[in-house]
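Below is one structure; the comments refer to it alone.
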Amino acid sequence: MEAAFVLVPVVVVIIIAIVVLALLFGGLRTSIFFTVHTQENVIVERFGKFKKVAKPGLNTKVPFIETITRPISLRVQQLEVVIETKTRDNVFVTIPVAVQYLVNEANVADAYYRLANPEEQIRSYVFDTVRSALSTLTLDRAFESKDDIGRSVEERLSQSMGAYGFRIVNTLVTDIAPDPRVRDSMNSINAAQRDREAAQALAEADKIKRVTQAEAEAESKRLQGVGIAAQRKAIAIGIAEQFEMLKAAGINETAEQLLLMTQYFDTMQDVARNGRSNVLFLPSNPGSIGDLSTEIRNALLATQEADHARRESEEEIDEQAMAESRRQLREQQQEQARIAERSRQAAAQAAEAARRHGVDLPPGIPGMPPVPPQA
1 MEAAFVLVPV
11 VVVIIIAIVV
21 LALLFGGLRT
31 SIFFTVHTQE
41 NVIVERFGKF
51 KKVAKPGLNT
61 KVPFIETITR
71 PISLRVQQLE
81 VVIETKTRDN
91 VFVTIPVAVQ
101 YLVNEANVAD
111 AYYRLANPEE
121 QIRSYVFDTV
131 RSALSTLTLD
141 RAFESKDDIG
151 RSVEERLSQS
161 MGAYGFRIVN
171 TLVTDIAPDP
181 RVRDSMNSIN
191 AAQRDREAAQ
201 ALAEADKIKR
211 VTQAEAEAES
221 KRLQGVGIAA
231 QRKAIAIGIA
241 EQFEMLKAAG
251 INETAEQLLL
261 MTQYFDTMQD
271 VARNGRSNVL
281 FLPSNPGSIG
291 DLSTEIRNAL
301 LATQEADHAR
311 RESEEEIDEQ
321 AMAESRRQLR
331 EQQQEQARIA
341 ERSRQAAAQA
351 AEAARRHGVD
361 LPPGIPGMPP
371 VPPQA
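Heads up, the sequence shown is in the UniProt record's numbering, so the first residue is 1 and it goes up one at a time.
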């Protein structure tokens, strides 16, 4: 009997051990122990009520009483939102917005329980913010303010989603795509502006080139004029010295002919040396130099006589014009005097008629004599 009583507890212990081992290494093991991966959290609920947040690693729960939710990722997630809206100048554009967000580790329970669909909530805020911002901007201004739109979306999302345990890492407006026809028109406008700027630059360069060339030509002509003046001065001085030398040698009457003949031969040498003139009118022999000088003197005298006659004619015309002007002025003065006399006569007749009919005229009328008072 004693042996039977000893065997019963041993059998019970063995059975209990077998059950415990079966539970630990069987299906019940998965009901007690569970593993959470890195950058994830799991919420443990007891009878549907929040109990705790399980961190990464090996965790336990009470079987049949506590349950776990799906893993909640703590990594940065990206949500792509494509928005079609209208700008201030009535241009429809498509704007893709990338929102990068994550769940705060300290607010995992709020992120899980307070929002049923956080992506749709973020999408709604992005739509509302982008459409409100673009409604006040033109298309050109929208391209310039792309980063400002992204910052405004990020600020609003941070304020609204922060209360639900989400943190907005970054908001990127990746593109602003208008209608293809609008884009082609913008490219055409940009190309036309660049062509105009290029044309203006080319015109300015051509202007600078022409001005520089004109300045260079002006300076060249000025220097050429200085050189020609110096050359003529030197020739005149040389001719005067030669003339004085001829006079000193006793050659007075033929000195002018000798100088002209010297200039003639110098000119012929220059023509033969350069040879760029097609037609040259010169005497055919040195003997005609005297006739040429006589013709030159006669031409100069004729020119002086013509100039003197022209000045006398101009002076005579000026005197006639002055006399005509004085005559017209006298006639105008006489006509004004006749008009004033007729006005005084008419005023006197009107005053006389008013006096005969007993009408008092207002005093101070120009041209009216004072009317005596009636008796």
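Note that beta-carbon positions come from the ideal geometry of N, C-alpha and C, so glycine has one too.
Going by DSSP, what residues sit across from residue i in a beta bridge?
i   : result
E84 : T94
Q77 : Y101
F33 : T60
F50 : E45
T67 : E45
A40 : In the sequence as presented, Ala is not what sits at residue 40; that position holds Glu. In DSSP, E40 forms a bridge with S73.
Whole angstroms are fine: how far does the CA of residue j sit from the CA of residue i?
i           : j    : result
Q224        : K207 : 25 Å
A201        : P178 : 32 Å
V169        : N104 : 11 Å
A193        : F166 : Here residue 193 turns out to be Gln, not Ala, going by the sequence shown. Cα to Cα, the separation comes out at about 47 Å.
Y125        : L157 : 7 Å
L134        : I176 : 11 Å
R310        : L329 : 29 Å
A321        : E314 : 11 Å
V42         : R75  : 14 Å
residue 390 : E120 : For the chain, the structure presents residues 1 to 375; residue 390 sits outside this window and is missing.
M245        : K233 : 18 Å
Q77         : S31  : 31 Å
A17         : N59  : 23 Å
D140        : M186 : 9 Å
residue 376 : R181 : There is no way to answer for residue 376, as the model of the chain reaches only from 1 to 375.
A203        : E197 : 10 Å
E45         : I68  : 6 Å
A240        : E324 : 53 Å
E229        : I317 : Glu is not the amino acid found at residue 229; the sequence shown has Ala there. Using only the alpha carbons, I get a separation of about 39 Å.
D184        : N190 : 10 Å
A199        : S220 : 31 Å
N107        : E144 : 37 Å
Contact check, residue i vs residue j under 8 Å by CB: the rounded distance?
i           : j    : result
T87         : I95  : No, T87 and I95 are not in contact; Cβ-Cβ is about 10 Å, not under 8 Å.
P118        : A109 : About 14 Å; that fails the 8 Å criterion.
E66         : K51  : 6 Å
residue 406 : F33  : As shown, the chain starts at 1 and ends at 375. That puts residue 406 outside it, with no answer to give.
In chain order, what residues of the same chain lie with their CB nearer than 6 Å to the CB of residue i, ignoring the 5 residues before and after it?
i    : result
R131 : T85
R123 : V81
R338 : none
G48  : none
Using a beta-carbon distance below 8 Å, is residue i in contact with chain C?
i    : result
S124 : Going by chain labels, chain C is absent from the structure shown, which holds only one protein chain.
Using a Cβ-Cβ cut-off of 7 Å (strictly less than) and excluding sequence neighbours within five positions of residue i, which residues of its own chain qualify?
i           : result
V173        : I95, V97, K146, I149, G150
T138        : T87, R88, D89
E80         : P96, A98
V12         : none
T129        : S152, V153, R156
S160        : Y125
residue 377 : A query on residue 377 cannot be resolved here, the shown segment of the chain reaching from 1 to 375 and no further.
If I measure Cβ to Cβ from residue i and keep anything under 8 Å in the same chain, skipping five residues before and after, which residues do I get?
i    : result
T35  : G57, L58, N59
P71  : V36, H37, E40, N41, V42
A142 : T87, V93, L134, I149, I176
F64  : S31
Q213 : none
Query raised in the report: In chain order, which continuous runs of the alpha helix (DSSP H) of length 4 or greater are located wholly inside the region 162–208?
Result: Runs of the alpha helix (DSSP H) inside the region 162–208: none found.
**Report entry** Ranges of the alpha helix (DSSP H) found wholly within the region 123–167, counting only runs of at least 4
**Finding:** For the region 123–167, the full-length alpha helix (DSSP H) segments reaching 4 residues or more read 139–144, 146–161 along the chain.
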